[in-house]
Amino acid sequence: MAIFVDKNTKVLVQGITGRDGGFHTQQMQEYGTQVVAGVTPGKGGQEVHGVPVFNSVAEAREATGANTSVIYVPAVFAADAILEAALAGMDLVVCISEGVPINDMLQVYDFLKDRPTRLIGPNCPGIITPGQAKVGIIPGNICTPGNVGLVSRSGTLTYEVVYALTLAGLGQSTCVGIGGDPVAGTSFLDCLQAFEADPDTKAVVMIGEIGGDEEERAAAYISEKMSKPAAAYIAGRAAPPGKRMGHAGAIISGGSGTAAAKIEALEAAGVAVAELPSSIPHLVQQMNVL
Amino acid sequence: MAIFVDKNTKVLVQGITGRDGGFHTQQMQEYGTQVVAGVTPGKGGQEVHGVPVFNSVAEAREATGANTSVIYVPAVFAADAILEAALAGMDLVVCISEGVPINDMLQVYDFLKDRPTRLIGPNCPGIITPGQAKVGIIPGNICTPGNVGLVSRSGTLTYEVVYALTLAGLGQSTCVGIGGDPVAGTSFLDCLQAFEADPDTKAVVMIGEIGGDEEERAAAYISEKMSKPAAAYIAGRAAPPGKRMGHAGAIISGGSGTAAAKIEALEAAGVAVAELPSSIPHLVQQMNVL
Amino acid sequence: MDIHEYQAKELFEKSGIPILRGEVACSAAEAASIAERVGRPVVVKAQVHAGGRGKAGGVKFCKTPEEARANAEKIIGMQIKGKTVRKVLVVEAADIASEAYVGITHNRAARKATFMVSAEGGIDIEEVAKNNPDAILKEIIEPALGVTRAQARRLAYHLYPNNPAIAKQAVSLLLNLGKVFFTHDCTLTEINPLIVTEQGELIALDAKVSLDDNGLARHPELEELRDLTAEDIGDAKAREAGLAFHKLEGEVGCIVNGAGLAMSTLDVIKHFGGSAANFLDIGGSSNPQKVRTAMEIILRDPNVRVILFNIFGGITRCDDVANGLVEVLNSTEVGVPVVIRLTGTNEEEAQEILKQANVITETSMDGVIQRAISLANS
Amino acid sequence: MDIHEYQAKELFEKSGIPILRGEVACSAAEAASIAERVGRPVVVKAQVHAGGRGKAGGVKFCKTPEEARANAEKIIGMQIKGKTVRKVLVVEAADIASEAYVGITHNRAARKATFMVSAEGGIDIEEVAKNNPDAILKEIIEPALGVTRAQARRLAYHLYPNNPAIAKQAVSLLLNLGKVFFTHDCTLTEINPLIVTEQGELIALDAKVSLDDNGLARHPELEELRDLTAEDIGDAKAREAGLAFHKLEGEVGCIVNGAGLAMSTLDVIKHFGGSAANFLDIGGSSNPQKVRTAMEIILRDPNVRVILFNIFGGITRCDDVANGLVEVLNSTEVGVPVVIRLTGTNEEEAQEILKQANVITETSMDGVIQRAISLANS
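Residue numbers (this note's numbering), protein chains in the order written: chain U, 162 to 451; chain Y, 162 to 451; chain X, 5 to 382; chain G, 5 to 382.
Okay, structure coming up:
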């Protein structure tokens, strides 16, 4: 089971002939992911690591049956690439590209909201279902199969926590990096709902950060609807107000979106909130559900 | 019951201070319709036939609880007026304006398709539930309450048929003029579904015309899903191919959208198709359901 | 509203679509002197609002100015699908390596505009659609997005799969064609053929643009492109008066309010064995002047043997129509009988007015039509 | 990226929004001579990327050129919220009849931009939002529609309910402000105050525009508006090298890959009783030059007593970071201890490289942070 991707996922790489696209195609293949097609306009007919390249997503999909697309194109072209994948009928689109203009994402988000295509990202590390498939750039070797579902707004911080879980013998059902941008295709809430419905997931770990109200919305869902136990870590407790901390999402202004407010909401919802990333495995072990 | 409008409908008139808006406000009031508000930007605070005028639909709705809007503004402003009504949360918007640019309607149709607001028109005579309310310009005196649901793409042809029904003692549950434009907010299909669900409607009359495939889609629905008997009349049997017959919708080219094709589809669905508008009452009487 | 090729090319040029501009000639001498100036072989192309110009002999390749003169001589004044050619476009001949079709029009079923391309250009696209539908690639244009770059790319690579350099030019061209379509409220923008020259340039060799009449109000600069000489006088009068009018071949002149009722009137005339001389919808308003203009237009047709009014008053007030009619009858020798049926708003007042006039009144649509047919046949 | 009032006004002017243009002065003498040319009372306004200029004394009304000189003298060089004022805008004073607020910004929760207006302008809009939220009317901008005319009308009549003439001017102005916002990839476009003059003119008396850094790539003309003099040298270096950097007040200099891990590093430092000197995210790539620039930026801060590397290699390759670090250590006198933790991609190669270098390695995030703090305290 797992969520969003599994061993049947057929991946198409948009921007496969680029440096990142090519490198991660190989990484995904080595992990055992079925990478069935690549797209780079004008390079149709070529091959990259044995993967056939097409001029358009529609053409690639028709020829290969790809159902999931991963995007490694320059940021100003990312919105167009997402729309192309959605119009071609992809079930899942994972956009790795960082620095997508926010107005592009407003349009994309609005366009996708009543359509069947799920977008993860942009500005995200992607998704991995350990032992089955990875779509994106999460290092495969730090993950191990198991029953913890993990969702995070951050990249390397995700790795830190996943690795700590793995070292503690706590395998993962699926790890989703939803990205740090203010407008992201998939939210904590979406992932929590999917984990709640996934029989392979027994506990959930959520890695949030300052800014926005996604963590608070997730807390409301956990409190009202979720049967599975959750642990969380919120980055940015020490962040000074008014500074933009790299992630476009992680800006904190006035009293809203602070780490304290998020932690309070999560704790009120019964979530075990970790003081340190390294404490997460211990909190998960204490749940006694694995 | 009836469909879309009834005695509880609270009407707001967009363009109330215009010639048509003012005239039909009075007509609607005389018919007993609750006209609760009017909108003309810059004329907020005035009154027209005792109806308070506001600068915006949102303001008018808030002040009066209007739930249905009828639009009598010049065609190039009609799309904006429809969007204003939809964004202000109107349940039903009836656009009488004729000559709305098609690209405007593409945008409006797309915007409304996943929203709760129903649009009837543009370029339509509106809707009347005899004895309860009329929204638009259908003359009230040619209608009488009863159990025939009528839906039509044409204006005066509707009157012709409604009047014939009334003279024959066949009252109407609701009469809807969906308008003759190629992109209309409400289709035959939408109305048939509503009539099927309406306990006050025992039989349905459909007045189509050449062009498009709405009648064929309606026939498919009638054949598969509809329990109530239907009669139809299709205008344009004698229309020469390739001529645009006034209604932007009524253009016939190649072999598609012909009267013959529509009549064939309807007859195959068990619909009694009239040769003349004047034969409709007889066909309805033969159904033996009233 | 249709505009001419040379006008469409001007719109294209402003939007960055490469064309061969050429010059317009209204006489053979002008055509020859343009060809002289070009100094190379030219093509002389009829400027007329009709398709199939090539097949009809309205497009000719001319090696010399003399040939241009001779061909222009033949083409100017020629009838193509009932339209008289009054101008030709004289344009440098291109070295064509390949011809494609690209076009945008509304897709009524989808309620969206559709972009269509085919590598088989230069010929009747409807033939391609019929005989080889797979050769046409379509992209539905989402109203919320317009033509996306990815869509333009997909279409471009469909046309030029093995030529990325041309495909890249085509991407811009297709995006610009989308801009033309939406900025000018078009119902059709078409390039057929879109050519690649031997020199590797992409050029719109033809240009076809139809404008949404309803959009013209916000494009006064486009209204000016209307070719008044291309319009029938009756059509022009009708348009100016706000009447929807089409001439037909029969004997019963029809004046009706509402398009649906007008179409139905034609049907019922045919049903009872008659034949209509025209379709004429006076619309919702009942300005007496409209009635006068409608009568004038119909009486221009020598075939008309009777005038039939079929009016169902809603917004239209029957007394207004009656007044207009009486006015015309009092000031004009009509020469054919007038039969009239008025029902609806202010019907009784109208009957009272018509009592004074020399017209035949009926109360039902079927009745008035049967009466008109019998008068036409007598 | 923020731009100055005078630059924002130029964008406004190009989009048809009425402004008082004024002229920029870099010295008191210039300010006086501009005021002389204006020949009427002027306002001298600090051009600085900080809010609350008025409260800070950065905006002054001047009756005479002498007053303009004196005030410019005071304002130029002044610090406002830590930013040095280097220019002033000298602009004709307006006869203000009323002041309103209008602004567009992104509404993160709605995933849409929002238009906000308040008839209570000229003051801190956040105060109005707090104390009298009903005074602010908001319209969510639908991405598929942009600012509609009806929305602009509603906002305009909210501001000027009893003045249709001004409301009509405001409709155009608000639609144009929407165009500025979307055409230039803004994150904020704001007019505060939007005034009506005694003469009945609507004028944007101030102009505030913030640009989406991610959108700048497609607006090279806007990138040129960047005020390099307004940037800290460290900030400028970081921006050029593609590093996310913020100076903080502590002693532990941090070099981390990834924004989340970098924020978390700050948190963990605080948790263990230390204090970070900066936030610095070297991002996903592991170009050794980035490591060098990062070190240079951090070492400019005299408070730094230790440099902490916390790297979790994903795309970032640990050996690349190690090589970059060794390069810097070999060519520069660092002067403070370096502690490093490298985990992930090519970790072992990196450890091998670091064996040669004078750095302290740890294997866990908690471990390396505790070590750094103890070194900073020693």
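We put the beta carbon where it would ideally sit given N, CA and C, even for glycine.
Give me the residue from the options with the minimum Cα distance to residue i.
i: A280/G; options: M299/G, E253/G, T297/G; result: E253/G
i: A422/Y; options: P438/Y, G369/Y, P390/Y, Q293/Y; result: G369/Y
i: D361/U; options: G332/U, E223/U, N308/U, A249/U; result: N308/U
i: L206/X; options: Y105/X, S378/X, E34/X, V340/X; result: Y105/X
i: V269/Y; options: D241/Y, V174/Y, E321/Y; result: D241/Y
i: A101/X; options: R90/X, V92/X, G125/X; result: G125/X
i: Q360/X; options: E331/X, R375/X, T336/X; result: E331/X
i: R276/U; options: P262/U, L244/U, G260/U, E220/U; result: L244/U
i: G62/X; options: G26/X, R304/X, E77/X; result: E77/X
i: A249/U; options: P291/U, P401/U, V234/U, T278/U; result: T278/U
i: I237/X; options: L229/X, F249/X, E228/X; result: F249/X
i: A221/X; options: N169/Y, V445/Y, A236/Y; result: A236/Y
i: I395/Y; options: V322/Y, A345/Y, A358/Y, S388/Y; result: V322/Y
For the beta strand (DSSP E) holding residue i, just list the boundary residues, first then last.
i: F215/U; result: 212–215
i: F313/G; result: 310–317
i: R230/G; result: It is not in any beta strand (DSSP E) - R230/G carries neither H nor E in the DSSP assignment.
i: V363/X; result: Here V363/X belongs to no beta strand (DSSP E), and DSSP marks it neither H nor E.
From the DSSP output, which residues share a beta bridge with residue i?
i: Y105/G; result: S122/G
i: K251/G; result: N282/G
i: Q51/G; result: K91/G
i: D368/X; result: Looking at the sequence shown, residue 368/X is not Asp but Ser. Beta-bridge pairing links S368/X to no other residue.
i: C258/G; result: L312/G
i: M367/U; result: V312/U, A393/U
Is residue j closer than 7 Å to residue i when the C-beta atoms are compared?
i: L253/U; j: F349/U; result: no
i: I344/X; j: V272/X; result: no
i: A326/X; j: I286/X; result: no
i: I288/U; j: T327/U; result: no
i: V434/U; j: A364/U; result: no
i: V3/X; j: A39/X; result: Nothing about residue 3/X can be read from this structure; chain X reaches only from 5 to 382.
i: V432/U; j: A393/U; result: yes
i: A227/Y; j: V197/Y; result: yes
i: A376/X; j: V310/X; result: yes
i: R157/G; j: P202/Y; result: yes
i: P442/U; j: L331/U; result: yes
i: A32/G; j: R90/G; result: no
i: G297/Y; j: P286/Y; result: yes
Following the continuous alpha helix (DSSP H) through residue i, name the residue where it begins and the one where it ends.
i: Q195/Y; result: Where Q195/Y is concerned, there is no enclosing alpha helix (DSSP H), although the beta strand (DSSP E) it sits in stretches over 195–200.
i: M5/X; result: Note, M5/X: premise wrong, no alpha helix (DSSP H); not H, not E.
i: P306/U; result: Run containing P306/U: none in the alpha helix (DSSP H); it sits in the beta strand (DSSP E), 306–313.
i: T229/Y; result: Looking at the DSSP string, T229/Y is not in any alpha helix (DSSP H); the run it does join, the beta strand (DSSP E), is 229–232.
i: C352/Y; result: 349–358
i: F276/X; result: First-last for F276/X: undefined, no H or E at that position.
Can you confirm whether residue i, when its beta carbon is compared against all beta carbons of chain C, has any partner nearer than 7 Å?
i: D323/G; result: No chain C appears in this structure, whose protein chains are U, Y, X and G.
Residues from the region 171–183 of chain G in contact with chain Y, defined by Cβ distance under 9 Å: Correct list: A171, K172, V175.
Chain-ordered residues of the region 283–315 of chain X with a beta carbon less than 7 Å from chain Y: Residues F283, D285.
Cβ-based contacts, 9 Å cut-off: residues of the region 291–304 of chain Y near chain X: Correct list: I298, I299, P300, N302, I303.
Residues within the region 212–224 of chain U neighbouring chain X, beta-carbon criterion of under 8 Å: Within the region 212–224 of chain U, the residues whose Cβ lies closer than 8 Å to some Cβ of chain X are N216, S217, V218, A219, E220, listed in chain order.
Contact residues within the region 183–214 of chain U, judged by C-beta distance below 7 Å to chain X: From the region 183–214 of chain U, only P202, G203, G205 have a Cβ closer than 7 Å to chain X.
Residues of the region 120–152 of chain G with Cβ closer than 8 Å to any Cβ of chain U, in chain order: Within the region 120–152 of chain G, the residues whose Cβ lies closer than 8 Å to some Cβ of chain U are E130, E146, P147, A148, listed in chain order.
Residues of the region 261–284 of chain X with Cβ closer than 8 Å to any Cβ of chain Y, in chain order: Answer set for the region 261–284 of chain X: N261, G262, A263, G264, L265, A266, M267, S268, L270, D271, V272, I273, K274, H275, A280, F283.
Selection of the region 236–254 of chain U by Cβ proximity to chain X, strictly under 8 Å: Correct list: F238, D241, A242, L244, E245, L248.
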